[in-house]
Each structure stands twice: as structure tokens, then as C-alpha cells.
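A.B. asks: Please find one structure pasted underneath; my questions will follow.
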Amino acid sequence: MTDQAPVTYTGPARVLSGVQPSGALHLGNYLGALVKFARLQHEIDTFIFVADLHAITVWQDPAALAQQTREIAAAYIASGLDPDKATIFPQSAVREHAELAWIFQCVARLGWLDRMTQFKEKSGKHKERSSVGLYTYPVLQAADILVYKATHVPVGEDQKQHLELTRDIAQKFNHDFNAPGFFPQPDPLIQGPGARVMSLRDGSAKMSKSDPSDYSRINLTDTADDIAAKVKKARTDPEPLPETLEELAARAEADNLVGIFAALSGRSKAEVLAEYAGKGFGTFKPALAELAVEKLAPVGERMRGLLGDPAVLDAILAKGAEKAREAAAPTLAEVKKLVGFWGA
Numbered sequence: 001m002t003d004q005a006p007v008t009y010t011g012p013a014r015v016l017s018g019v020q021p022s023g024a025l026h027l028g029n030y031l032g033a034l035v036k037f038a039r040l041q042h043e044i045d046t047f048i049f050v051a052d053l054h055a056i057t058v059w060q061d062p063a064a065l066a067q068q069t070r071e072i073a074a075a076y077i078a079s080g081l082d083p084d085k086a087t088i089f090p091q092s093a094v095r096e097h098a099e100l101a102w103i104f105q106c107v108a109r110l111g112w113l114d115r116m117t118q119f120k121e122k123s124g125k126h127k128e129r130s131s132v133g134l135y136t137y138p139v140l141q142a143a144d145i146l147v148y149k150a151t152h153v154p155v156g157e158d159q160k161q162h163l164e165l166t167r168d169i170a171q172k173f174n175h176d177f178n179a180p181g182f183f184p185q186p187d188p189l190i191q192g193p194g195a196r197v198m199s200l201r202d203g204s205a206k207m208s209k210s211d212p213s214d215y216s217r218i219n220l221t222d223t224a225d226d227i228a229a230k231v232k233k234a235r236t237d238p239e240p241l242p243e244t245l246e247e248l249a250a251r252a253e254a255d256n257l258v259g260i261f262a263a264l265s266g267r268s269k270a271e272v273l274a275e276y277a278g279k280g281f282g283t284f285k286p287a288l289a290e291l292a293v294e295k296l297a298p299v300g301e302r303m304r305g306l307l308g309d310p311a312v313l314d315a316i317l318a319k320g321a322e323k324a325r326e327a328a329a330p331t332l333a334e335v336k337k338l339v340g341f342w343g344a
């Protein structure tokens, strides 16, 4: 990188995040992201997008993509995001994302991308068959963030490296084009409790929409009966719940269920153990099922209602895209001028 100390950005605070429309959302998405988006909208200027440009780094059915975009928007709103407070929009509807991404591809260095571990994990042994977009999408992520000059980004463990890349790109752009403090150095917002929800069938694997077993996850569109059944069939061990967090950590499935209970109830794992230590899962699971139904069933009901009226969702997305463009366009115009493009 450069040896010039970055000048502090003095613009307004803003948060940005997004979710790909590549499948049904589940409890892990809800606890790890959606409820936290809803809280942030009351604390900071919030931009939340549907990451459809990122989704097509792997094949998506064109006949289904638009509906999947509506489903993510419905999940945002059902989880508490207010379109009058937060800017909710489809990524592809704001062309400034892609245009800034190209400029950033000319700023970022190949060695930086070579160090990105997610591409290696996602491409596996056949990276030559992967799309170029899968390799370069961290640069698009940087554009997503910096086109709004976002100062804060909610991140999980798997995205910390990409945020560091964003910071590197921002610093190098500011240095190369003699624009100190033009782009901020966005800070991570650590997700906190509930950020990592594990499979209901395997406490060592993260809850995933790609798991072939539907009983491994609670989908946001599940009915109350579905939610209760999945909790009651979740894998456990024969021992009662322990008294200490140290003992709990050694029991993956028990730790996961206690963590879910804690996140849904707004309590700590220690507080949950204080109530249920020594009790078996025959007592704990029904209590967790009741809590999960109470918290999640209204989300699914609201989602189904929104999806039943796609015109309403489309109007929200269109309004959000217009607001997002109003924020993004001045940044891109300034970038073009700094780069020296004709007519800028």
C-alpha cells in the first residue's frame, strides 16, 4: 500500500449492507442480519439493497430472479425495516454500482484479489470453470459501499477480508488521485449474538439454504406448525443442559439451541442456562419452539402478505432505487472528474 497516512473522512455517517436473492432466507439470516438492519435504521442513515448483481456470479434462473428479489425485499420489511426510514433497493437498478466497480478494478491490485479466501472456497478445485465475476466481486462490494460513502458495514467473519479490501481501495484511490479524505475508511459493525446460527441437524455446520435437508433450518416463510416441528426434531444429545458456558461450548447442538433461544429472547446464553440448567431437552425444546413461533410466525405471515401483492413491493423497490441513485450519482460524478474523464 502507500506510506501516506489517510486523512479522516468528515462526511455524514451511513451504513450499507445487502443480501443476495439466491434462495429462501432462514433463521440465521434473520438473527444475523435482518433484525440488526431494522435496529440500525433508527440510529444511522441506512441503505439496504438486494444484491442481484452479486447473485449472478453463479447461475441464476432468469425466470425466477425478479421474484427472488421481491422475496428478499419482503423479508426486509417483514423483519422490521421501514421503507420510509431505510433506503431499500435492488442493486442492479442503480447503475453507479457497476460503473464505479470498473474504475475500482483499475485501482485494485491483482495480488490483493489473489489473497481473497472466499473465491478459493467457492470455486473449489475447478476455479477455471468459475465466472470472472466470482473472482472480482469483492471489488464490486467495495463499489457498493463507497458509492454511498458508507462509513459502517455490518460484517460476519466471512466478509471481514472483503471490508479490508474496500479500505485498501479507498485509501489507494484517495492517494492516487490526490483526493485526501474523499472516500471514507468504512468500519465494521460486528454482528454480535445470533450472528452465527448452526444447522439444526449438525451443530458443527452453519445453517444454510443449500443444505438438502429442510429440517436443518427454519425458513422465514415456514408456518407456525413447521417451526415447532423443526425445533422439536432438532438434533440434541442425551444429557441435560449444563450449568456453565464452558460445558455448553463442548456440546455443539446444545450450544446452538441455547444460542438461538438467547438471540430470540434478547438474553445472554448465561441467562438462559441460569433458567434451564439441569433440565432435559424434553423441557427446553417445547419452550424454544413456543418462543420461535412467537417471534418468527408473524414474520412469515407478513412476508406472505407482501408477496401476494407484488405491485406494492415493486413500488417500494422503485422508490428506493430512485433515492439510492440520488445519493450515488454525485459520488460517481466526482470520481469521474478526479479520474479525468471527458465531459466530467
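So in UniProt numbering, the last spot in the sequence shown is 344, and the numbers never skip.
The beta-carbon is built from N, C-alpha and C at its ideal position, and this holds for glycine as well.
For L264, which residues of its own chain have a beta-carbon under 7 Å away from its beta-carbon, when the five flanking residues on both sides are left out?
C.D. replies: Along the sequence shown, one-based indexing puts residue 264 at 264. If we look at L264 and ignore the five residues flanking it on each side, its Cβ neighbours are L291, A292, K295.
A.B. asks: Quick check: what's the CA-CA separation for A229 versus L241?
C.D. replies: Within the sequence shown, numbered from 1, the residue matching residue 229 stands at position 229. Within the sequence shown, numbered from 1, the residue matching residue 241 stands at position 241. So the alpha carbons of these two residues sit roughly 21 Å apart.
A.B. asks: Beta-carbon within less than 8 Å of V339's beta-carbon, same chain only, minus the 5 sequence neighbours each way: which residues are those?
C.D. replies: Position 339 of the sequence shown holds residue 339. Cβ neighbours of V339 beyond the five flanking positions: I103, F177.
A.B. asks: In three-state DSSP terms, what is M1?
C.D. replies: In the sequence shown, counting from the first residue as 1, residue 1 sits at position 1. The predicted position of M1 is uncertain, since its pLDDT is 48 and thus under 50; no value can be drawn from it.
A.B. asks: Looking at the strands, I want to know which residues DSSP matches up with L189.
C.D. replies: Indexing the sequence shown from 1 puts residue 189 at position 189. The partner list for L189 (beta bridge, DSSP) reads P154.
A.B. asks: Skipping 5 residues on each side, what residues in its chain have a beta carbon closer than 7 Å to that of A224?
C.D. replies: The residue given as residue 224 occupies position 224 in the sequence shown. Within the same chain, A224 has close Cβ partners V293, A297.
A.B. asks: If I measure Cβ to Cβ from V299 and keep anything under 8 Å in the same chain, skipping five residues before and after, which residues do I get?
C.D. replies: Numbered from 1 along the sequence shown, position 299 holds the residue referred to as residue 299. These residues qualify, in order along the chain: Y30, A75, A78, S79, L220.
A.B. asks: Just to confirm my understanding: we take Y215, look at its own chain, exclude 5 residues before and 5 after, and list those with CB closer than 7 Å. What are they?
C.D. replies: Within the sequence shown, numbered from 1, the residue matching residue 215 stands at position 215. If we look at Y215 and ignore the five residues flanking it on each side, its Cβ neighbours are L200, R201, K230, K233.
A.B. asks: Does DSSP put T244 in a helix, in a strand, or in coil?
C.D. replies: Position 244 of the sequence shown, counted from the start, is the residue given in the question as residue 244. Correct three-state label for T244: coil.
A.B. asks: K206 and G28 look like a contact to me (Cβ under 8 Å); what is the Cβ gap, rounded to whole Å?
C.D. replies: By 1-based counting over the sequence shown, the position of residue 206 is 206. By 1-based counting over the sequence shown, the position of residue 28 is 28. Sure, about 7 Å apart at Cβ, within 8 Å.
A.B. asks: On the DSSP letters alone, give me the boundaries of the beta strand (DSSP E) that R70 sits inside.
C.D. replies: As a first step, residue 70 is located in the sequence shown; it is residue number 70 there, counting from the start. Here R70 belongs to no beta strand (DSSP E); instead the alpha helix (DSSP H) covers 62–78.
A.B. asks: Pair every Cβ in the region 181–189 with every Cβ in the region 9–28, then say whether three or more of these pairs are closer than 8 Å.
C.D. replies: Counting Cβ pairs under 8 Å, three or more are found: they touch.
A.B. asks: Taking 8 Å as the threshold, find out whether the region 249–263 comes into contact with the region 57–71 through three or more Cβ pairs.
C.D. replies: Cβ pair count under 8 Å is below three, so no.
A.B. asks: List the endpoints of the continuous alpha helix (DSSP H) containing L307.
C.D. replies: Here the question's residue 307 lines up with position 307 in the sequence shown. Note, L307: alpha helix (DSSP H), 281–307.
A.B. asks: Here's a check: name, in chain order, each residue in its chain whose Cβ is nearer than 6 Å to the Cβ of A143, leaving out the five neighbours to either side.
C.D. replies: Residue 143 sits at position 143 when you count from the first residue of the sequence shown. Result list for A143: H97, L100, A101, F104, in chain order.
A.B. asks: Going by the DSSP bridge assignment, what does M116 pair with across the sheet?
C.D. replies: Here residue 116 refers to the residue found at position 116 when the sequence shown is read from its first residue. DSSP lists no partner for M116.
A.B. asks: State yes or no: is the C-beta of V107 within less than 9 Å of the C-beta of V147?
C.D. replies: Against the sequence shown, residue 107 aligns to sequence position 107. Against the sequence shown, residue 147 aligns to sequence position 147. It is not a contact, given that the beta carbons lie outside the stated cut-off.
A.B. asks: Tell me the DSSP bridge mates of R14?
C.D. replies: By one-based count along the sequence shown, residue 14 stands at place 14. According to DSSP, R14 bridges with D45.
A.B. asks: May I ask you to report which of helix, strand or coil DSSP gives F104?
C.D. replies: For the purposes of this step, residue 104 is identified with residue 104 of the sequence shown, where counting begins at 1. Looking at F104 - three-state DSSP - the assignment turns out to be helix.
A.B. asks: Per DSSP, what kind of secondary structure is I316 in: helix, strand or coil?
C.D. replies: By one-based count along the sequence shown, residue 316 stands at place 316. Of the three classes helix, strand and coil, the one that applies to I316 here is helix, per DSSP.
A.B. asks: For H126, which of helix, strand or coil comes out of DSSP?
C.D. replies: As a working note, residue 126 is residue 126 in the sequence shown. Coil.
A.B. asks: List in chain order: all unbroken alpha helix (DSSP H) runs of 4+ residues lying wholly within the region 193–269.
C.D. replies: Counting whole runs of 4 or more residues, the region 193–269 contains the alpha helix (DSSP H) stretches 224–232, 245–249, 252–265.
A.B. asks: Are there 16 or more other CB atoms within 10 angstroms of the CB of K279, so buried, or fewer, so exposed?
C.D. replies: Residue 279 sits at position 279 when you count from the first residue of the sequence shown. By the 10 Å Cβ count, K279 comes out exposed.
A.B. asks: According to the Cβ coordinates, are F47 and A86 closer than 9 Å?
C.D. replies: What you label residue 47 is simply residue 47 of the sequence shown in a count that begins at 1. What you label residue 86 is simply residue 86 of the sequence shown in a count that begins at 1. Yes, these two residues count as a Cβ contact at 9 Å.
A.B. asks: Below 8 Å on the Cβ atoms is my contact criterion, and I expect T166 with Q141 to pass it. Report the Cβ-Cβ distance as a whole number of Å.
C.D. replies: Taking the sequence shown and counting its residues from 1, one reaches residue 166 at position 166. Taking the sequence shown and counting its residues from 1, one reaches residue 141 at position 141. The pair is a contact, with the Cβ atoms about 7 Å apart (cut-off 8 Å).
A.B. asks: In terms of alpha-carbon separation, which member of P238, G308, I316 lies closest to F281?
C.D. replies: Indexing the sequence shown from 1 puts residue 281 at position 281. With distances taken between Cα atoms, F281 lies closest to P238.
A.B. asks: For Q67, does the count of other Cβ atoms within 10 angstroms reach 16, so buried, or fall short, so exposed?
C.D. replies: On the sequence shown, residue 67 is found 67 positions in, with the first residue counted as 1. Exposed, because fewer than 16 other Cβ atoms sit within 10 Å of the Cβ of Q67.
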